[in-house]
Structures are given as structure tokens and as C-alpha cells.
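J.: Sending over a structure as C-alpha cells; questions will come in a sec.
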Amino acid sequence: MRDSGSRGRGGRHHAARPGGVLTRAGLAFALALAGGAAVPPAQAAATAEAEAEAVAACVDCHGTASGEPVTPETPALAGLTELYALYQLVYFRSGQRKNEIMSELVREMSDDDLRALAAWVGSLPLPEPRGGPVDRALHDRGAALVRSHGCGSCHEPDLSGREHLPRLAGQQEAYLLAALRDYKAGRRVGLQAAMAEVLSPMTDDDLVAMAHFMANAGR
Amino acid sequence: MTAFTLSNGVKLALATALLAVASVPAAAQDKKEEEVPFWAVGRPTTGPGAALAPVAAPPLPTAADKLPRLNVPAGFKVEVFASGIPDARGLREGDKGTIFISTLFGGGGKIYALVDGKTKEIAKDLFLPNGVEFKDGALYVATPKEIIRYDDIEANLDNPPAPVTVFDDLPGVVPHGWKFIKFGPDGKLYVPVGTPCNICEEQADYAKIFRINADGTGKEDVALGVRNTVGFDFDPKTGDLWFTDNQRDWLSEDMPLDELNHVTQPGKQHFGYPYCHSGIMTDPQYGWGHSCDDYSSPAATLGPHAAPLGMRFYTGSAFPEAYQGAIFIARHGPWNSHTKYADVSVAFLDKNGSVRAVEPFLTGFVIDNGYVGRPNDVLVLKDGSMLVSDDFNGAIYRISYEG
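So the protein sequences, as listed, match chains R and E. Position 110 of the first sequence, counted from 1, bears residue number 115 in the numbering used here, the numbering being contiguous throughout. Position 226 of the second sequence, counted from 1, bears residue number 707 in the numbering used here, the numbering being contiguous throughout.
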């Protein structure tokens, strides 16, 4: 979407900033518009500005289809489903998924705030193919593991994701690896036990290979 | 591992169960052996069937003013009884009118009590505590691993007592392991153990309903060949057990048909699983050498992959006479079928106790072939009105008759 420019890409401190851009009322208002709610014309300009600020806070760290996230461990949002995004936002708010920045950002948000944010994530265009070198041997080993462990059963054969299950194809490699390690260690849990079930017998080298393949799936 | 924090003991039990599940290979893989989730075993590998998978509910309960508009027959009224209860499933009424509500995957292992329109959380972090029951002042909760009891619960909703273990000789396996429990007119607690797979043969201690004394002793089988029942009740006239049973997945778009079954000879009837489905068709893998004539046929069929869950005989007098003694059945709706449908249906019995007809009663849960709600359990209240839980929206509806 858009970046505020003046804040640059160092958005990691937003959550702690006093009087930061994400006032709860402003966000709810902005996101209601983003979600298609009718807004009187007189409020449109202010709403558009609030919307830009709210979305900019996400984009600052996560990037967009045309810009990479601020750190390798930060996931790209483009291509994720609305329902997956909503689950994660709910988990951040409840503390089931732990991330200091995200939890602080969503702590005071209402259910409707989270729904509107998720709808925005789900509306993003598909991510552009990523560059970077591909380790063919690692890629092929990862592909075999992904196939034999049935990742495509839930995440779709092309790893594009569906419903509450995230797209894996083209995601940030370091984020994927961190997520796999978190699921394996029980630091991160999903709706059901599928991830821990699949990953419990696997080695860390397996996770490295799978993350490399997923990040470069289709290349 | 599930959607909530678990105690160490539960984690151990769950991990053990998961390892058993993770080793299930997909049948007929021509490549290297591929693990798939248990629900996907047998799924078509090509075509539209390959895209079918369980339907996820939203992670947030729906606000009361955004709930679906539901329909009931003329003369009945449906209203929102409670909302904002994530994953609301099993329903029971206490002696003093408290409504107890269970949850499953999306509910944080919680049990709720609803009193005077207010929802109280009375337990959390339980292991898939779908089964609830109330008797003699105590709330019973069944997980896949054990049955526990909270004594004198209605006097202690703000500070529930530590639960007492009633029975813990259960497999603790997740697939089809979550429970529906109910006391029968014989004072015994009826407990199902679903099959730990889509379809498989070799588990002696699965795929059945058994009963125990209220203190957990005296376990005996009641019904065999039961794939996965998540709803049953006792005919108020005869005392007979009736149960809904979820049949196998993937066989085809329109088969098998889920079942409503009638137990007439406790402990002696086999209801067909895994050999015969819906009373009319042998299983393409396990049915060879078997005949449906050798198994108890369903009293009624309830539609392909319909997922019938909670069911109750209507024991009140507020509904018209035609509904008195009829069976209300929550059809949660299929996931491994392209045609989505869900409702509360009503099965009318004739004078001989046979099912005369099954008709939709509460509808409006599907729009454009997608779920906007999913009924889960039904409960006849002492005043003769009926509650219906909707886990998809985290809501409970109340149906009354106005004439």
C-alpha cells in the first residue's frame, strides 16, 4: 500500500511510542472505511488520512508486494488469507502467540479493529517472486520433505494456503525457519495440533531445508 | 499443541496420542510414503474432491447484531439467547437454571456457565472438553482422556471446586476422541469412544458406546460398530438410547449417509462400522465378506457427511403436540462434500417408535453454499423452550412457540 516516508523503515519502535499513530478510535474508524463501511463525505478526508497511518504502521515492518519486510524474520503479509491474518491477530492479542511488538500494537484493539486489519491483509495483491540465490541441493531436499510430510494437504499442493492456513510459497525464508522452530518447540501453537504433530520427529536440518524450499517454491 | 495452554500431564497424553496419529500413512500412495493429516486419509488426489478440507470457524465470536437470520416453522420464534461465547458447543441446564456450555478446539479449553444473561468462565485449559453433563448438583466434564466432576457447582460458580476424577481409562486420542456424555434413566453415565481414524478395523477399545456407574465403576458395552457419535438421548417413553453417528469420510459425494440409531438390546447390537454404512452399503475396503444384514440398520439416515451432533427428545409441552416426543438433531453440516447444508432437523416417530419423517426445523445457516453458522447442540429447557448452540458464531439461540 503506502509508506509514510517520514518514518522510514525503522518502524519497530512504533508500539512503544507515546501517542503513536495507532490510536484505537482512529484505527477503528479508518479500518471501518477500509472494510467498506459507509462514511459521511465530510469525514472522508480525515478517514483516508487515518487509514493511511494505520496501514503504514503495518507496512513499515511487513513491507508490501513490492517491498521486503524490515527484517528477514518479519513475514510478508501479501498473499496471506484474511482468516489466517485474523487468527494471528487474535492470538497476538490473547498472548497465545508471543511477539512484543505485535502484542502491544493489538492489545487495545476491538474485535472489529482486528477484523478490519485482517480484511486489509487479505486484500493485498499476491507477492512478487523473490530474488536471491537458490541452493539447489537444499531446495530439492526441502521439496522432498515437504512432499513426504504432506504439507500440501493443508497448505495446498502449491503452498499457496487457504482459509486459516498461511501461504508458505515465497514467504521470507528466515521467518519460515523461525516459525517452524517455534512450532516444533511448542512456542507457537495453532488451532489444532497438526504442526507439532508433523514437526516433532524432524531435525533442525530438515527445517532449514524446508524453509529454503518454501521460500523459493516455484523457482 | 492445541489452541490453548495445556498442563504438563495433558501435554504428555496428547503428545503420545499425536505420535500414534502421525504414523498413519496415506493409503495407496504410489510414490514415497506420504504422511497426511488423519482427516485427509482417503481424500481424492485429483479433481474437485482434492480441494475439500475441514471448514475453519472464525476465531472471534460474532456480535449479536451480526448473527445470521434464522428461520423456524410458523408459530415458532427464534431469538438470540447469548452471544460472545467462543466455540460454544455442548449445552446442559443445571437444577437452578444455570446453562453450562462446553467448547472444543477454538475455545481455549473452557467451560462456561450462563446465569441471568451473564457468562462466567468456570474452567479453562482443559483438553478438548466437549462433553458436559449435569446430575445431582454436579457438573461432569468429559475430555478425550478422562471424565471429571465439579460438585455443587451452581453454588460455587465464582469459585468452582477442584474437580474430582470420575473415570480416566480413556484413550486420550484426539481424532474422534472428544466426547458427548449423558446419564441414562438407569443412572449410568453413557460414554462414547470414537474410532481414531477415518476408517480402520483393528481397535478393540474404540468405535463403541459404553456405560459406567456414576462413581466410574462397572464399565460395560452398550453399542458396538459406532464410528463417532457426538450426540445421544433416551426416549422418555421407553428409556431406549438413540444416537447420531458420523459415518466415514470421502467415500463419495453422496455416500455414506449419516445415521440416527436406536439401541433396543444394549450391549448386543453392532451398528456396522467399519463394514457396513448407512445400513445399505458395504465398505469398499473393509466390507468384503460382510453383509449389511448382519448389522443393526439405522432408524433414519440424515444426509451425506451431514455431521449430526447433539440430539434431544422434545420432553416439554410448550411445542405443539406433533413435536412432543420427536427428536431434534443438530446437523453441523458437511465439510467433505461440495454441497454445504446445516440445520436443526426434527425426526418424528410413529406410534411404534419408528421414524416417520425427518424435516428441517431451524434453517438459515448456509448462504451461497458457505456456512454463516453451524448448529452444534440442542437442549430442551424446563420451560419447554429449546436452546441451540452455534460454535461457528459463538452464540446460543432460543426457540419458543407462540402459536
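Glycine included, C-beta positions come from ideal geometry on N, C-alpha and C. Given the structure is predicted, the values throughout are model-derived calculations rather than measurements.
1) Whose Cβ in chain E lies nearer than 7 Å to the Cβ of residue 169(R)?
2) Looking only at its own chain, which residues have a Cβ that is under 7 Å from the Cβ of residue 221(R), when we skip the five neighbours before and after it?
3) Nearest-angstrom Cα distance between residue 688(E) and residue 73(R)?
4) Measure from the C-beta of residue 874(E) to each C-beta in chain R and report whether the shortest distance is under 8 Å.
5) Could you spell out where the beta strand (DSSP E) holding residue 581(E) opens and where it closes?
6) Expressed to the nearest angstrom, what Euclidean distance is found between the alpha-carbon atoms of residue 216(R) and residue 178(R)?
7) Is residue 580(E) buried or exposed, if buried means 16 or more other CB atoms sit within 10 Å of its CB?
8) Who are the neighbours of residue 127(R) on chain E, taking C-beta pairs under 7 Å?
9) Please confirm whether residue 652(E) and residue 674(E) have their CB atoms less than 8 Å apart.
10) How should residue 772(E) be labelled, buried or exposed, when 16 other C-beta atoms within 10 angstroms of its C-beta is the threshold for buried?
11) Report the three-state DSSP secondary structure of residue 234(R) (helix, strand or coil).
12) Given a cut-off of 8 Å on the beta-carbon distance, is the pair residue 573(E) and residue 860(E) in contact?
13) Mind checking if residue 651(E) is an interface residue toward chain R, Cβ cutoff 8 Å exclusive?
14) Would the segment 119 to 129 of chain R and the segment 187 to 201 of chain R be scored as touching if the rule is three or more Cβ pairs under 8 Å?
15) Can you tell which of 649(E), 728(E), 627(E) and 871(E) has the C-alpha that lies nearest to the C-alpha of residue 764(E)?
16) What would DSSP say about residue 757(E), mapped onto helix, strand or coil?
17) Output needed for residue 560(E): all residues of its chain with C-beta closer than 6 Å, excluding positions within five of it in sequence on either side, in chain order.
18) Of all the residues that make up the segment 607 to 624 of chain E, which are near chain R by a beta-carbon distance shorter than 8 Å?
19) Just checking, does the segment 608 to 627 of chain E make contact with the segment 740 to 758 of chain E on the three C-beta pairs under 8 Å criterion?
20) I'd like to know whether the C-beta of residue 752(E) is nearer than 8 Å to at least one C-beta of chain R.
21) May I ask which residues mark the beginning and end of the alpha helix (DSSP H) holding residue 199(R)?
22) Residue ranges of each beta strand (DSSP E) run of no fewer than 3 residues wholly in the segment 763 to 802 of chain E, ordered along the chain?
23) Which residues in chain R have a C-beta closer than 7 Å to the C-beta of residue 586(E)? List them in chain order.
24) Hey, how far is the Cα of residue 817(E) from the Cα of residue 537(E)?
25) Using only the alpha-carbon positions, how far apart do residue 543(E) and residue 770(E) sit?
26) What are the complete beta strand (DSSP E) segments, minimum 3 residues, inside the segment 637 to 698 of chain E?
27) Can you tell which of 75(R), 100(R) and 212(R) has its C-alpha closest to the C-alpha of residue 150(R)?
28) With burial defined as no fewer than 16 other Cβ atoms inside 10 Å of the residue's Cβ, what is the status of residue 564(E): buried or exposed?
29) Which class does residue 65(R) belong to by DSSP, given the choice of helix, strand or coil?
30) Do the segment 163 to 170 of chain R and the segment 103 to 116 of chain R make contact, defined as three or more Cβ pairs closer than 8 Å?
31) Roughly how many angstroms lie between the CA atoms of residue 511(E) and residue 155(R), to the nearest whole one?
32) Any idea what DSSP makes of residue 160(R), helix, strand or coil?
33) Using alpha carbons as the reference points, say which of 676(E), 844(E) and 806(E) lies closest to residue 836(E).
34) Tell me residue 867(E)'s beta-bridge partners as DSSP assigns them.
35) Taking only the alpha-carbon atoms, compute the straight-line gap between residue 884(E) and residue 781(E) and give it to the nearest angstrom.
36) Under 8 Å, Cβ to Cβ, is there at least one residue of chain E near residue 111(R)?
T.: The answer reads as follows:
1) Chain E residues near residue 169(R): 537.
2) The beta carbon of residue 221(R) lies closer than 7 Å to those of 139 and 144 in the same chain, with the five residues before and after it left out.
3) Straight across, the Cα-Cα distance linking residue 688(E) with residue 73(R) is about 51 Å.
4) No, because no Cβ of chain R sits closer than 8 Å to the Cβ of residue 874(E).
5) The continuous beta strand (DSSP E) containing residue 581(E) extends over residues 580 to 582.
6) Within the model, the alpha-carbon separation for residue 216(R) versus residue 178(R) is close to 6 Å.
7) Buried is the label assigned to residue 580(E), since at least 16 other Cβ atoms lie within 10 Å of its Cβ.
8) Residues of chain E with a Cβ closer than 7 Å to the Cβ of residue 127(R) do not exist; the shortest Cβ-Cβ separation is about 13 Å.
9) If you check the CB distance, residue 652(E) and residue 674(E) come in under 8 Å.
10) It is exposed - the Cβ of residue 772(E) has fewer than 16 other Cβ atoms within 10 Å.
11) In this structure chain R extends from 6 to 224, so residue 234(R) is not present and cannot be described.
12) Yes, they are a contact pair.
13) Not an interface residue.
14) Contact fails: fewer than three Cβ-Cβ distances are below 8 Å.
15) Of 649(E), 728(E), 627(E) and 871(E), the residue nearest in Cα terms is 728(E).
16) Judged by DSSP in its simplified three-state form, residue 757(E) adopts strand.
17) Within its own chain, the residues whose Cβ lies closer than 6 Å to the Cβ of residue 560(E), once the five positions on either side in sequence are excluded, are 879, listed in chain order.
18) Within the segment 607 to 624 of chain E, no residue has a Cβ that lies closer than 8 Å to any Cβ of chain R.
19) Touching, no, given that fewer than three Cβ pairs across the two stretches are closer than 8 Å.
20) For residue 752(E), the answer is no, since every Cβ of chain R falls outside 8 Å of its Cβ.
21) 199 to 204 is the span of the alpha helix (DSSP H), which, as asked, contains residue 199(R).
22) Runs of the beta strand (DSSP E) inside the segment 763 to 802 of chain E: 781 to 785 and 789 to 794.
23) Chain R residues near residue 586(E): 196 and 197.
24) A straight-line Cα-Cα distance of about 13 Å links residue 817(E) and residue 537(E).
25) Rounded to the nearest angstrom, the two C-alpha atoms are 50 Å apart.
26) If you keep only unbroken beta strand (DSSP E) runs of at least 3 residues inside the segment 637 to 698 of chain E, you get 645 to 648, 670 to 674 and 689 to 693.
27) Ranking the options by Cα distance to residue 150(R), first place goes to 212(R).
28) Buried, by the Cβ-count rule.
29) Taken through DSSP and simplified to helix, strand or coil, residue 65(R) comes out as helix.
30) No, the segment 163 to 170 of chain R does not touch the segment 103 to 116 of chain R.
31) Residue placement at residue 511(E) cannot be trusted, given a pLDDT of 40 that sits under 50; the coordinates are not used to answer.
32) Helix at residue 160(R).
33) When only C-alpha atoms are compared, the closest one is 806(E).
34) Per DSSP, 861(E) and 880(E).
35) Cα to Cα, the separation comes out at about 29 Å.
36) No, because no Cβ of chain E sits closer than 8 Å to the Cβ of residue 111(R).
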